Amino acid sequence: MAEVRVPALVLAAGGGSRLGGRPKALLPYRGRPLLAHALATARAGGCTGTVAVLGAAADRVRARVATGDCRLVDNPDWRTGLGSSLRAGLAALPPDATAVLVLLVDTPGVTAEAVRRLLAAHTARTDLAACAWAGRRAHPVLIGAAHFPELRATATGDAGARALLAAHPVALVDCTGAGDPADLDTPADLARWGIP
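Residues 7 to 202 (the numbering used here) are what the sequence shown spells out, left to right.
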């Protein structure tokens, strides 16, 4: 295969409705906003560039989060669910991307090591791979560029890439011991991750 170029696509548009309307991208985690944490994880894991999709409080996120060379994309339809953010992010990827690593902003336990393991599974533009934590498939996921058209067509509502991943074989990459895939959705989750 020619040069591998896998940017990270960080989905960070959520408004945190179950968290009292606190936008997830701005939640403080280990001294920085969750979006900054996710971008640092992607970079440290070896992704070739980053794209982040913003929605809720996009202006505040732009003003408060140091995103470096990350390409920021606004999704005015973020309230319709994850699918619209996925489509907006795909449209912003560089044309030479051979795959994309999709990372959710609200999974702070995903580590650079998990990203590295997933990137190591990428060998062709037809790849579909996901981290497996104790045998259970979860985020992040890697989607080869050959699947982008189908993903654009099927990413709707909060389903995201679910239809695509259900329609094709997905290689599971063992990430057990390389972090925690749990996401932040409830006040109890905030307490678990030490987020005030």
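For every residue, glycine included, the Cβ atom is placed at its ideal position computed from N, Cα and C. Source: prediction; values computed, not measured.
Measure the Cβ-Cβ separation of residue i and residue j and say whether it is below 7 Å.
i       : j       : result
Val-12  : His-128 : yes
Gly-141 : Gly-185 : no
Leu-125 : Cys-137 : no
Leu-157 : Leu-170 : yes
Ala-161 : Gly-89  : yes
Leu-17  : Leu-110 : yes
Gly-61  : Ala-19  : yes
Could you check if residue i is buried or exposed, using at least 16 other CB atoms within 10 Å of its CB as the buried criterion?
i       : result
Leu-164 : The amino acid at residue 164 is misidentified as Leu; the sequence shows Asp. Per the 10 Å Cβ criterion, exposed.
Arg-70  : exposed
Thr-47  : buried
Arg-68  : exposed
Ser-91  : buried
Arg-198 : exposed
Gly-51  : buried
Gly-183 : exposed
Residues in the same chain with beta-carbon distance under 7 Å from residue i, minus the five sequence neighbours each way, listed in chain order, please.
i       : result
Val-10  : Thr-104, His-128
Leu-178 : Ala-136, Ala-138, Arg-143
Met-7   : Because the pLDDT of Met-7 is 47, which lies under 50, any placement of that residue in the model is unreliable, and the number read from its coordinates should be weighed accordingly. Within the same chain, Met-7 has close Cβ partners Thr-129, Ala-130.
Arg-122 : Gly-51, Gly-52
Starting from the C-beta of residue i, find all residues in its chain whose C-beta is less than 6 Å away, skip the five residues before and the five after it, and write them out in chain order.
i       : result
Val-176 : Leu-134, Ala-136
Leu-15  : Val-57, Gly-95, Val-106, Val-108
Pro-193 : none
Verify the contact flag: residue i, CB atom, against every heavy atom of the ligand GTP, threshold strictly below 6 Å.
i       : result
Asp-164 : This structure simply doesn't include the ligand GTP, nor any ligand for that matter.
Let me know the beta strand (DSSP E) ranges lying completely inside the region 16 to 84, each 3 residues or longer, listed in chain order. 56 to 60, 77 to 80
Three or more C-beta pairs under 8 Å: does that hold for the region 87 to 103 against the region 24 to 37? Cβ pair count under 8 Å is below three, so no.
Unbroken stretches of the alpha helix (DSSP H), 4 residues or longer, contained in the region 136 to 167: Fully enclosed alpha helix (DSSP H) runs of 4 or longer: 154 to 160.
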